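Q: The sequence shown maps to residues -17 to 366 in the working numbering. Starting off with a structure, shown below.
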Amino acid sequence: MPQFDEIADKARQFNLGNPTRDTPEPRQTPPPRDQGWYQHFERGSVYWSPATGAHMIIGTIRDTWSRLRWEQGVLGFPVTDELPVPAPYAQHRYQLFEGGGLYWHANTNTAVLLERKTERRSARYRVTINGFTVNQQTSDHILEVDGKGDEIYIAYETRMVNMDGSLISPPYSDRTKVLGDTNNQPNRVQAGSLSNKGGIRTGDNVPTNTPWAHTTGIYADRLPLAAWEGVLVQGRNAVAITPSIWEYDGGEDLLTTWSRALAENGAAIGGAIAGIATGMQPDNYIRNGLELGLPALRKLISSVIGTAGDRPIGMVREGDTDNYVFHPQVLLLTYEACEQIVQTVTPRGRGIISLNYKDDNRLGAGNYTLFVQVDRITDIPTPG
């Protein structure tokens, strides 16, 4: 392959030594910037991409670039080799990248990030969870002690990150009140058509007959639900929103366990979110939570069926085991993704996203469609 020859020539030009054991041959860079190739040597590395060609990277500049997540970070691929600063500062070095540069200061042996100054667009957006359609109600506690039909609640988690993976603010999670049969219990919201007190069944739309539209106001504890509002800056940050629908049976152990796992994996999740968001195509914003570092949620079938305990709708069998697993769906929203969403007119209206959650047949084949809406609130001009 021609790029292999370019990498080898560059390594010889700068006397980088032999390849390291982990890269005896050039390797392809991982997604989403998987168009490149790289190889590590005894005294540095060489990175190649179709747009930039092959360039060496060594020393403190290389170390700093690696901490910024290599080619997956804000700088992207190198576009020059390491170069001396023009006289009278020739003892210092610099290297340019797709997204800026690194300046190495000889006196301190440190490299400073110099981002490319560009006009960046930004806007404030609001994300609401408007409602849902019950394509097929799911399995319920065998005695229906929680009420007739399905009783559910909507939970969600949001985390906003910079493109270097650092958190902008702590992750936030919340949930609605229980929706369905009020069952003479306080703090429930009547929903569904199964009885005069509610109860969700196949064919129901909640909270209105047009559950994809927020025509009844926006609330903090019921639908339509305010899930997130904030400013997204082009190329600078992203927000990951993880909505889920939970069948209520009176035990929140599984939700508590999952929330704890989300918190414990915070750093890894932030880095993965930034890695996927960097270079993501704007129409590819619905992601499997596992690729973003979110933990899978597993439970034995014996503890799912016929017992009191909340669980997410959308659990599927894991291979041939008796384990059932929930893979969360995540809306990974950048400025570019939100702009595409708000400008897209779907059959349900402008800016409407449909998320489907379908149970395994052994769990009753529950099938819900959740409707989420993205609105642009204001445009904000942002200098580089």
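Using N, Cα and C, we set each Cβ at its ideal position, and we do this for glycine too. Predicted model, so just to flag it, every value in this text is computed and none were measured.
My assumption, with CB atoms under 8 Å, is that LEU274 sits in contact with VAL307. Please give the rounded CB distance.
A: What you label residue 274 is simply residue 292 of the sequence shown in a count that begins at 1. What you label residue 307 is simply residue 325 of the sequence shown in a count that begins at 1. Actually they are not in contact, since the Cβ atoms of LEU274 and VAL307 sit about 16 Å apart, beyond 8 Å.
Q: Apart from the five residues on each side of it in sequence, which residues of its chain come closer than 8 Å, Cβ to Cβ, to GLU64?
A: Taking the first residue of the sequence shown as 1, we reach residue 64 at position 82. Only MET38, ILE39, ILE40, GLY41, ILE43, ARG75, TYR76, GLN77 and TRP86 meet the Cβ criterion.
Q: Determine which residues share a DSSP beta bridge with PRO294 and list them.
A: Mapped onto the sequence shown, residue 294 falls at position 312. Looking at the DSSP assignment, PRO294 forms a beta bridge with TRP228.
Q: Identify the continuous beta strand (DSSP E) that holds VAL324 and give its terminal residues.
A: As a working mapping, residue 324 is identified with position 342 in the sequence shown. No beta strand (DSSP E) holds VAL324; the alpha helix (DSSP H) holding it covers 317 to 325.
Q: Tell me which same chain residues have a C-beta within less than 6 Å of the C-beta of VAL94, skipping the five on either side of it?
A: On the sequence shown, position 112 is the one that residue 94 refers to. Answer for VAL94: TYR85, listed in chain order.
Q: Within the continuous alpha helix (DSSP H) that includes ASP(-13), where are the two ends?
A: Locating residue -13 in the sequence shown gives position 5, counting from the first residue. That run of the alpha helix (DSSP H) goes -16 to -5.
Q: Within 10 angstroms of the Cβ of ILE359, are there 16 or more other Cβ atoms? Answer buried if so, exposed if not.
A: Within the sequence shown, residue 359 is the residue found at index 377, counting from 1. ILE359 should be labelled exposed.
Q: With VAL354 and ASN112 assumed to form a contact (beta carbons below 8 Å), what rounded beta-carbon distance in angstroms separates them?
A: Here residue 354 is taken as the residue at index 372 of the sequence shown, counted from 1. Here residue 112 is taken as the residue at index 130 of the sequence shown, counted from 1. Yes, they are in contact, since the Cβ atoms of VAL354 and ASN112 sit about 7 Å apart, within 8 Å.
Q: Please state whether DSSP places ALA105 in a helix, a strand or coil.
A: In the sequence shown, the residue the question calls residue 105 occupies position 123. Three-state result, ALA105: strand.
Q: According to DSSP, is SER284 part of a helix, a strand, or is it coil?
A: For the purposes of this step, residue 284 is taken as the residue at position 302 of the sequence shown. Caution applies to SER284, whose pLDDT of 43 falls short of 50 and renders its modelled position unreliable; the value that the coordinates give is listed next. Looking at SER284 - three-state DSSP - the assignment turns out to be helix.
Q: Give the list of continuous beta strand (DSSP E) stretches no shorter than 3 residues that lie fully inside the stretch 131 to 155.
A: Here the runs fully enclosed are 134 to 144.
Q: Is ARG84 helix, strand or coil when you go by DSSP?
A: Here residue 84 refers to the residue found at position 102 when the sequence shown is read from its first residue. Rather than Arg, the amino acid found at residue 84 in this sequence is Leu. Looking at LEU84 - three-state DSSP - the assignment turns out to be strand.
Q: If we count the other Cβ atoms within 10 Å of its Cβ and call it buried at 16 or more, is SER27 buried or exposed?
A: In the sequence shown, the residue the question calls residue 27 occupies position 45. Classification for SER27: buried.
Q: Spatial neighbours of PRO32 within its chain, please: CB distance less than 7 Å, with the 5 preceding and 5 following residues excluded, ordered by chain position.
A: For the purposes of this step, residue 32 is identified with residue 50 of the sequence shown, where counting begins at 1. Same-chain partners within the cutoff: GLN17.
Q: How many angstroms separate the CA atom of GLU229 from the CA atom of ILE182?
A: As a first step, residue 229 is located in the sequence shown; it is residue number 247 there, counting from the start. As a first step, residue 182 is located in the sequence shown; it is residue number 200 there, counting from the start. Each residue's Cα considered, the two are about 11 Å apart.
Q: Below 8 Å, can you find three or more Cβ-Cβ pairs linking the stretch 325 to 338 to the stretch 247 to 262?
A: no
Q: For GLY199, collect the residues of the same chain with a Cβ closer than 8 Å to its Cβ; drop the 5 residues on either side in sequence, then sort them by chain order.
A: Numbered from 1 along the sequence shown, position 217 holds the residue referred to as residue 199. The residues are PRO206.
Q: Measuring CA to CA, which of LEU314, THR192, ASP(-9) and ILE295 is closest to ILE251?
A: Taking the sequence shown and counting its residues from 1, one reaches residue 251 at position 269. Checked all of LEU314, THR192, ASP(-9) and ILE295; the closest Cα to ILE251 is LEU314.
Q: Heavy atom of the ligand NAP less than 7 Å from the Cβ of PRO(-16), yes or no?
A: Among the components modelled here there is no ligand, and therefore nothing to report on the ligand NAP.
Q: Which two residues bound the contiguous alpha helix (DSSP H) that contains LEU237?
A: Numbered from 1 along the sequence shown, position 255 holds the residue referred to as residue 237. Note, LEU237: alpha helix (DSSP H), 235 to 246.
Q: With a 10 Å radius around its C-beta and 16 neighbouring C-beta atoms as the bar for buried, classify ASP231 as buried or exposed.
A: Here residue 231 is taken as the residue at index 249 of the sequence shown, counted from 1. So ASP231 ends up on the buried side.
Q: In its own chain, which residues sit with a C-beta less than 6 Å from the C-beta of ARG108, not counting the 5 before and 5 after it?
A: Start at 1 with the first residue of the sequence shown, and residue 108 comes out as number 126. So the list reads GLU211, ASP357 and ILE359, once near-sequence residues are dropped.
Q: Considering only residues of the same chain and omitting the five flanking positions on each side of GLY81, which have a CB-CB separation below 7 Å?
A: Looking up residue 81 in the sequence shown gives position 99. Excluding sequence neighbours, GLY81 sits near VAL56, LEU57, GLY58, GLU97 and ARG98.
Q: Any idea if GLN167 is buried or exposed, counting beta-carbon neighbours within 10 angstroms, 16 or more meaning buried?
A: To locate residue 167, count along the sequence shown from 1; it is residue 185. Classification for GLN167: exposed.
Q: Do you know whose CA, among PHE79, ALA88 and VAL61, lies nearest ALA72's CA?
A: Within the sequence shown, the letter at position 90 stands for residue 72. Closest option to ALA72, Cα to Cα, is ALA88.
Q: When burial is assigned at 16 or more other CB atoms within 10 Å of the CB, is GLU133 buried or exposed?
A: Position 151 of the sequence shown, counting from 1, holds the residue named residue 133. It is buried - the Cβ of GLU133 has at least 16 other Cβ atoms within 10 Å.
Q: Looking at the secondary structure, which residues open and close the beta strand (DSSP E) in which SER48 lies?
A: By one-based count along the sequence shown, residue 48 stands at place 66. From DSSP, SER48 is part of no beta strand (DSSP E) but of the alpha helix (DSSP H) over 41 to 49.
Q: Roughly how many angstroms separate the alpha carbons of THR378 and GLU(-12), rounded to a whole number?
A: Any property of residue 378 remains undetermined from this structure, which presents the chain solely from -17 to 366.
Q: Between the alpha carbons of ALA173 and LYS159, how many angstroms are there, rounded?
A: On the sequence shown, residue 173 is found 191 positions in, with the first residue counted as 1. On the sequence shown, residue 159 is found 177 positions in, with the first residue counted as 1. Rounded to whole angstroms, ALA173 to LYS159 spans 11 Å at the Cα level.
Q: Spell out the partners DSSP gives ALA69 in its beta bridges.
A: As a first step, residue 69 must be located in the sequence shown, where it is residue number 87. Note: ALA69 sits in no beta bridge, so no partner.
Q: Could you check what DSSP says for GLY271 in three-state terms: helix, strand or coil?
A: For the purposes of this step, residue 271 is taken as the residue at position 289 of the sequence shown. The DSSP-derived three-state label of GLY271 is helix.
Q: So, is GLU24 buried or exposed, given that buried needs 16 or more other C-beta atoms within 10 angstroms?
A: The residue given as residue 24 occupies position 42 in the sequence shown. Exposed is the call here.
Q: To the nearest angstrom, report how far apart THR239 and PRO310 are at their CA atoms.
A: Residue numbering aside, residue 239 sits at position 257 when the sequence shown is read from its first letter. Residue numbering aside, residue 310 sits at position 328 when the sequence shown is read from its first letter. Taking the Cα positions, THR239 is about 14 Å away from PRO310.
Q: Just curious, the beta strand (DSSP E) that LYS340 is in, first and last residue?
A: Position 358 of the sequence shown holds residue 340. Looking at the DSSP string, the run of the beta strand (DSSP E) that includes LYS340 is 334 to 340.
Q: Please identify the residue among ARG344, GLY301 and LEU161 whose C-alpha is closest to the C-alpha of VAL188.
A: Taking the sequence shown and counting its residues from 1, the one referred to as residue 188 is at position 206. Of ARG344, GLY301 and LEU161, the residue nearest in Cα terms is LEU161.
Q: Just to confirm the assignment, what range does the beta strand (DSSP E) spanning GLU97 have?
A: One-based indexing of the sequence shown puts residue 97 at position 115. Where GLU97 is concerned, the enclosing beta strand (DSSP E) stretches over 92 to 97.
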